[in-house]
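Below is one structure, written out as C-alpha cells; the observations come after it.
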Ligand code: SF4
Ligand code: SF4
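Numbering (the numbering used here), first residue to last: 47 to 395.
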C-alpha cells in the first residue's frame, strides 16, 4: 500500500463517488429504519446497501452490527436430493465495501478467527463473502452510551481501505488503498487526520482468567445466582453482539417431495433454550443463570483460551443496550473481577 492521502469532498461529490464505487462494489452502511425498532415508533439502525451519503446514519450507534453483511440471519447453504447436493450460489456478485467503526472492524477480525482459523477449518460460505470485503472506516466523532472500546483496545484499527470523517454536508476521506486512488483524481486534498477515540466515559476493568482451574472455580461462584430470575434467555444480547457467531442448521424438506430440500443456517444463541440440547434430550445448561454464566465466561476466558488473542468483546455496548431486562454487561464484568479477587484471596494467591 502507498502512503495515504486525504481529500475533502462536498456532499454532491461524495454521492458522485458512491455512484462510481457502485459500479464495482455494493456499499453497506448503517441505515435508520423508521419505526423499525423494538417498541412502537422506535427506530432501528441496521446494515443495508446504501446509494447516497444521506442514506448513512453516522450520528448514532447501529442497533445491530456489521456481521450481518457476512453472515445473514438466515442463509441457504446447499440444496439436496436423495443422492447429491449443490452448494447455494453466492447471490452477491460484486465486491463489497462495509462502512464500519473501529470496534466493528475489530469485531470482524474476531469473526474471522471463528470462521477461518478454528482448528484449521475454513468456513467455505463465510470465506467466499469475506474475500469480497473491504472496509471504509467511519471515524467516531463522539462516543455512544455504554461504549468501552478503549478498555479492550478496539478503539483503533489500520485495517481499512478508506476512512470517512463525516460532517453534515461534507467529509474528509483518507485513501489508504491505492486501488481507490483513481476515484479521487483532481479532488481537493485535505490536511485532516482521521482520529480514534482515546477515552470513554465508561471504563471497564476487563477481567483476566489465567487458567481453567480459576474458570472452573468461577463457575461455582454465587455471583451467577441473581441472573436466574433476571435473565429471560431471550438471546437479544447475542444477536446484537458484534462478535457472537452461534448458528444452527436446519434441513427444510420440500413438501411435494420429501427427498428434496435445502439446508439453511440461522443465527442462534447460547442464551436460548434448546441451543445445547443433545440427542436424548439432555442439555448442559438448563438454568438461565448457567446460560448467562457460559456466555460471559466464553467472552472472557473460552475464546482467549483457544486463540490467545484476548477477549471476545470489542466494547461496542450493544448487548447492554438490547437487554430487555436491563442487565448490564460491564456491571457483570465488575462482579466477575470481584469474584476473581475473592477466589485468589482465599487461595492466598
Ligand atoms: S459482548 Fe457486548 S460489548 Fe462486547 S462485543 Fe458483544 S455486544 Fe459488544
Ligand atoms: S442477558 Fe438480557 S438480552 Fe441476554 S438473554 Fe438475558 S435477558 Fe435476554
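We put the beta carbon where it would ideally sit given N, CA and C, even for glycine. Being a predicted model, the structure only gives us computed values, none of them experimental.
{"Item": "For residue 104 and residue 184, believed in contact at Cβ under 8 Å, the rounded distance", "Value": "6 Å"}
{"Item": "Residues near residue 322 by beta carbon distance below 8 Å, same chain, minus five either side", "Value": "316, 329, 330 and 331"}
{"Item": "Completely contained alpha helix (DSSP H) runs for the stretch 126 to 173, where each covers 4 or more residues", "Value": "148 to 162"}
{"Item": "Proximity to residue 364 [Cα-Cα], best of 289, 125, 160 and 205", "Value": "289"}
{"Item": "At least 3 beta-carbon pairs within less than 8 Å: the stretch 265 to 282 vs the stretch 347 to 363", "Value": "no"}
{"Item": "Simplified DSSP assignment, three categories, for residue 224", "Value": "helix"}
{"Item": "Secondary structure, beta strand (DSSP E): runs of 3+ residues fully inside the stretch 277 to 306", "Value": "293 to 299"}
{"Item": "Within 8 Å, strictly: CB atoms of residue 203 and residue 148", "Value": "yes"}
{"Item": "Integer Cβ distance of residue 197 from residue 361, believed to fall under 8 Å", "Value": "6 Å"}
{"Item": "Range covered by the alpha helix (DSSP H) that runs through residue 261", "Value": "258 to 265"}
{"Item": "Residue 145 and residue 97 closer than 8 Å at C-beta", "Value": "no"}
{"Item": "beta-carbon residue 381 near ligand 1 non-hydrogen atom, thresh 7 Å", "Value": "no"}
{"Item": "Cβ-Cβ distance between residue 243 and residue 201 below 8 Å", "Value": "yes"}
{"Item": "Nearest-angstrom Cβ-Cβ length linking residue 218 and residue 54, presumed shorter than 8 Å", "Value": "6 Å"}
{"Item": "Nearest to residue 279 (by Cα), restricted to the options 319, 214 and 206", "Value": "319"}
{"Item": "For residue 206 and residue 154, the rounded distance between their alpha carbons", "Value": "12 Å"}
{"Item": "Chain-ordered list of residues that sit, by beta carbon, closer than 5 Å to a heavy atom of ligand 2", "Value": "277, 278, 280, 282, 283, 317, 369, 371 and 373"}
{"Item": "Close Cβ partners of residue 292 (< 8 Å) along its chain, the five nearest in sequence each way excluded", "Value": "284, 313, 314, 315, 316 and 321"}
{"Item": "Residue 102 (DSSP reduced to helix, strand or coil)", "Value": "coil"}
{"Item": "Reduced DSSP category for residue 329 - H, G, I as helix; E, B as strand; rest coil", "Value": "strand"}
{"Item": "Pick from 181, 68 and 262 that is closest to residue 389, judged by C-alpha positions", "Value": "262"}
{"Item": "With 16 other Cβ atoms within 10 Å as the buried cut-off, status of residue 302", "Value": "exposed"}
{"Item": "Residue from 187, 136, 115 and 193 with nearest C-alpha to residue 124", "Value": "136"}
{"Item": "Whether residue 396 touches residue 52 by CB criterion (8 Å)", "Value": "The structure shown does not extend to residue 396, since the chain spans only 47 to 395, so no value can be given for it."}
{"Item": "beta-carbon residue 378 near ligand 1 non-hydrogen atom, thresh 7 Å", "Value": "no"}
{"Item": "Integer Cβ distance of residue 151 from residue 74, believed to fall under 8 Å", "Value": "That belief does not hold up - the Cβ atoms of residue 151 and residue 74 are roughly 13 Å apart, past 8 Å."}
{"Item": "Beta-carbon contacts of residue 178 that lie in its chain and below 8 Å, excluding the five residues immediately before and after", "Value": "138, 140, 141 and 142"}
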